[in-house]
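Take a look at the structure set out below.
In our numbering, the protein residues as written are 58 to 211.
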């Protein structure tokens, strides 16, 4: 994934976040990055994602969650993208209903270790529709969430 050019000081931050994610450990790890718009959350998430890509067979980077979720059927579109990215054989059916897709996502993330990045989340409902509870994820999965609102992460 392309990271912005001339990112000063990003390498040490990426290494620090990689230590927190500790890909060799079991359990599900969730990393939240929050701050004002334009401070580099997405750039940092992309850089970390690039480091994780080779370590996970199934992965997804969902961009602009806030903006696209406001569009008609935007959240459903994000769900479809997530399911498509994470299902290796594309046999998981997607629907045009949020609740049905939540079940499909659960079916996919319950079976295998995944890396998921959700970029620019601004509502807990978006997290619930795209990820649900971390307990539904297979051991060893890693999740990164970027947001402007710290309360979304709590």
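Ideal Cβ placement from N, Cα and C applies to all residues, glycine included.
Owing to the predicted nature of the structure, the values given are computational and were not obtained by experimental measurement.
Practice task
Report back the beta-carbon spacing between residue 208 and residue 123 to the nearest angstrom; my notes put them in contact at under 8 Å.
Solution key: Between residue 208 and residue 123 the beta-carbon gap is near 14 Å, outside 8 Å, which marks them as no contact.
Exercise for the section: Taking residue 105 as the reference, give the member of 84, 70, 195 with the closest Cα. Expected result: Sorting 84, 70, 195 by C-alpha distance to the C-alpha of residue 105 places 70 at the top.
Problem - Rounded C-alpha distance that separates residue 16 from residue 101 - result: Any question about residue 16 goes unanswered here, given that the chain covers just 58 to 211.
Exercise for the section: Could you spell out where the alpha helix (DSSP H) holding residue 74 opens and where it closes? Expected result: Residues 67–78.
Problem - Strand pairing of residue 91, partner residues [DSSP] - result: In the DSSP output, where bridge partners are listed per residue, residue 91 has 204.
Problem - Minimum C-alpha distance to residue 190 - residue among 97, 164, 59, 119 - result: Between residue 190 and the set 97, 164, 59, 119, the nearest pair of CA atoms involves 164.
Handout entry: For residue 91 and residue 205, the rounded distance between their alpha carbons
Key = So the alpha carbons of these two residues sit roughly 5 Å apart.
Practice task
Check whether the Cβ atoms of residue 109 and residue 88 sit closer than 8 Å, and answer yes or no.
Solution key: No, these two residues do not count as a Cβ contact at 8 Å.
Exercise for the section: May I have the straight-line CA-CA distance separating residue 117 from residue 93, to the nearest angstrom? Expected result: Computed Cα separation, rounded: 24 Å.
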